[in-house]
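*Asks:*
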Amino acid sequence: MALAIRWSSSEVFGAAKWFIRRDCRALSTIPERAEEQTVSPKRERQATSRVRISARNPNLGLRHAYPEFLPDPNPKWRNSLREKLERSDMLKRRNQIDIPEFYVGSILAVTIADPHAQGKTNRFVGICIERKGCGLRAEFTLRNVVDHQGVEVRYDLYDPTVQSIQVLRLEKRLDDKLLYLRDALPEYSTFSFDMDPEVLPEGTPVPVNPVQVKLKPRPWLERWERQELKGVANIEEHLKEKDRVRRELRATPWEKYDLMKQYRNTIPIEDQNDIWAEVNHQLRQLQLTRKTTARKRTFTTPKSQLG
Amino acid sequence: MNQADVSKLVSKLRVKVLPRHRNLPGPKGPEGRIDKLRKTVTGLIKFERIELNYNRADEARQYAERLISEAIRHGDCHKPTMDTADFWLLEKELVHKLFKVLVPRYESTNLSYTRLYNAPRPQYGRSLDKVVLELRGNPYPDLLNNKSNNRLLIQNVLLDAAKNEYRQTKIAEMAKNIGKVGATQNTDSKINEAHEKPNIS
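In order, the protein sequence lines correspond to chains R and Y. Per our numbering, the very first residue in the first sequence carries number 1373; after that it's consecutive. Per our numbering, the very first residue in the second sequence carries number 5; after that it's consecutive.
1) Run through DSSP, which three-state label would N1451/R get?
2) Whole-angstrom Cβ separation of T1562/R and V1517/R, contact assumed at under 8 Å?
3) Which residue or residues does DSSP assign as beta-bridge partners of Q1521/R?
4) Residues of the region 23-36 of chain Y with a CB closer than 9 Å to any CB of chain R: list them in chain order, please.
5) Might you give, ordered along the chain, the residues of its own chain that have their beta carbon closer than 8 Å to the beta carbon of R24/Y, omitting 5 neighbours on each side?
6) Since K12/Y meets chain R, which of its residues come closer than 8 Å, beta carbon to beta carbon?
7) Flag this pair as yes or no: are the beta carbons of L56/Y and T44/Y separated by less than 8 Å?
8) List the whole-angstrom C-beta distance separating V1585/R from G1603/R, where the pair is believed to meet the contact cut-off of C-beta under 8 Å.
9) Is there at least one Cβ from chain Y nearer than 8 Å to A1623/R's Cβ?
10) Taking the beta strand (DSSP E) that Y121/Y falls in, what are its first and last residues?
11) Verify the CB distance criterion: does R1394/R have a CB-CB separation below 8 Å to chain Y?
12) Does DSSP put I1471/R in a helix, a strand or coil?
13) With 8 Å as the threshold, decide whether the Cβ of C1500/R is near any Cβ in chain Y.
14) Taking the C-alpha atoms as reference points, what is the distance between K184/Y and R155/Y?
15) Name, going along the chain, the residues of the region 1432-1453 of chain R whose beta-carbon falls closer than 8 Å to a beta-carbon of chain Y.
16) Could you say if the region 101-113 of chain Y and the region 61-79 of chain Y meet the contact criterion of at least three C-beta pairs nearer than 8 Å?
17) Can you find a CB in chain Y that lies within less than 8 Å of the CB of K1504/R?
18) Under 8 Å by Cβ, that's how I've got R18/Y and V136/Y pegged, so tell me the actual separation to the nearest angstrom.
19) Our contact map puts Q4/Y next to C1500/R with C-beta atoms below 8 Å; I'd like the distance itself, whole angstroms only.
20) Helix, strand or coil for G1498/R? Go by DSSP, reduced to three states.
21) Check for me: the beta strand (DSSP E) holding V1482/R runs from which residue to which?
22) Taking the CB atoms as reference points, tell me whether D1555/R and K1588/R lie closer together than 8 Å.
23) Following the continuous alpha helix (DSSP H) through E69/Y, name the residue where it begins and the one where it ends.
24) Mind checking if R18/Y is an interface residue toward chain R, Cβ cutoff 8 Å exclusive?
25) To the nearest angstrom, how far is the alpha carbon of S116/Y from that of L1631/R?
26) Which residues in the same chain as L1682/R place their Cβ atom closer than 7 Å to its Cβ, once the five residues preceding and following it in sequence are excluded?
27) Terminal residues of the continuous alpha helix (DSSP H) containing E1570/R?
28) Under 9 Å between beta-carbons, which chain Y residues line up against I1641/R? List them in chain order, please.
29) Let me know if R1417/R comes out buried or exposed under the rule of 16 or more other beta-carbons within 10 Å of its beta-carbon.
30) What residues of chain Y sit near R1509/R, judged by a beta carbon separation below 9 Å?
31) According to DSSP, what are the bridge partners of F1512/R?
32) How many Å lie between I38/Y and W1626/R at the Cα?
33) So if DSSP puts K1544/R in a beta bridge, which residue, or which two residues, is it bridged to?
34) Please check if any C-beta of chain Y sits within less than 8 Å of the C-beta of D1630/R.
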């Protein structure tokens, strides 16, 4: 206390300023220099490149929910006019039926027109194990186990016979593709057809389900041990020494750093900005209408069956 | 048809990219290819101008451009970018050069970060196309011998002399005409004739 009193007021003020600047983390080990850069934001703003400015576009966040709006990255199959026409057709289809946001790992119910079914419609419930394709050819695969028999149905997202797509549970899994569910125990891909849709509160990020499935013993459809899967628990149990050796031999640890391979698999930011600027307005409109209709649905009172 | 990978965002390269990579053949396969390219990229960042075969240069150029654009986009506080730089630059002091010298140099540019020139090849013998790969803004003298603005170039000296001579004749004519105008009022057609005469002779 005596020490503090003996300090001149300016020194105390300076110390307080230092403490505030470090975000009150007096014990943090982050070097001082990093903070010094943030103190002069004006100079940094002048020096920021076009590259960084173009990456700040908020529309780029749409790419996770609507990946099929991006064209195929292979330049041999690019055609700007076709892509533009396809995007306008996709938006027209989205104006006709409500295609919700979903991811691999979400549980969906899809109703399609089927002339041979009773009531002319067919409804299937399952977990989305794969999303493929771009443009009007975008497709997804649902998997379920019906009567102890695994069933997979591949749907085209913009197929005119699709009457409705309903998300029963919106979530992601640890992997990009869940094809290993084919070799997993059936309990991991069994979903009842009369599942109730689960509603997430507005504004929450899409939850990631960290469940790890158990595989059946071999033979398998693919060499799952070589694919670096995060969502499989017991893969090591079924491996022999031979498989481990071959996995080591076949490993490609350099591919993580292959910058041009990544580049050839993606659409660059500058191209994406143009695409999202084109479809952003209509997609937001569709989101708004979906929100308002959902709200209306919650307020409708059930009609009495007796009258 | 494939879906574009949306987990990563990359900035567009300012150089031409082929639809498929080139295999750089060798006993070690794809790993050996990446090793070769690592050596070349390290050399390019270190020496800023190197001479090599076309295929390897064009591949290494794309990787160097990607590395610099990642460094510009994410800066040196981004762990994955730092790992990538650590992988591609075999000499670790070059990581500092990448983030502290090259990023400020190229941050506000609108052009590609590297240039590729055709180099002369020996007249006889079986040899691959040679090229010179360099970073833009390097400290060496310019490779393209573009002297069109140099006053001492022989063509420019001759052109200057010709222009000067033409100007002198014009001035002489004008001086002659001024005297004539004072004595007899010439019409425009006569002046034109006087203009044409020295050109013909």
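The C-beta atom is built at its ideal place from N, Cα and C for all residues, glycine as well. Please read these numbers as outputs of a predicted model, since none were measured by experiment.
*Replies:* From the atom records:
1) coil
2) 4 Å
3) V1518/R
4) P23, R24, H25, P34, E35
5) none
6) Q1634, T1638
7) yes
8) 6 Å
9) no
10) 118-122
11) In this predicted model, R1394/R has a pLDDT of only 43, less than 50, meaning its place in the structure is not dependable enough to derive any value.
12) coil
13) no
14) 38 Å
15) L1432, R1435, H1436, P1439, E1440, L1442, P1443, D1444, P1445, N1446, P1447, K1448, W1449
16) yes
17) yes
18) Their Cβ separation, rounded to whole angstroms, is 18 Å, which puts R18/Y and V136/Y out of contact at 8 Å.
19) Given a span of 5 to 205 for chain Y in the structure shown, any question on residue 4/Y remains unanswerable.
20) strand
21) 1479-1485
22) yes
23) 58-78
24) no
25) 17 Å
26) Since the first and last residues shown for chain R are 1373 and 1679, residue 1682/R lies out of range.
27) Counting along the chain, E1570/R falls outside any alpha helix (DSSP H), and DSSP gives it neither H nor E.
28) L13, V14, S15, K16, R77
29) The predicted position of R1417/R is uncertain, since its pLDDT is 46 and thus under 50; a value taken from the coordinates is nonetheless stated next. By the 10 Å Cβ count, R1417/R comes out exposed.
30) M5
31) R1503/R, Y1527/R
32) 8 Å
33) V1580/R
34) yes
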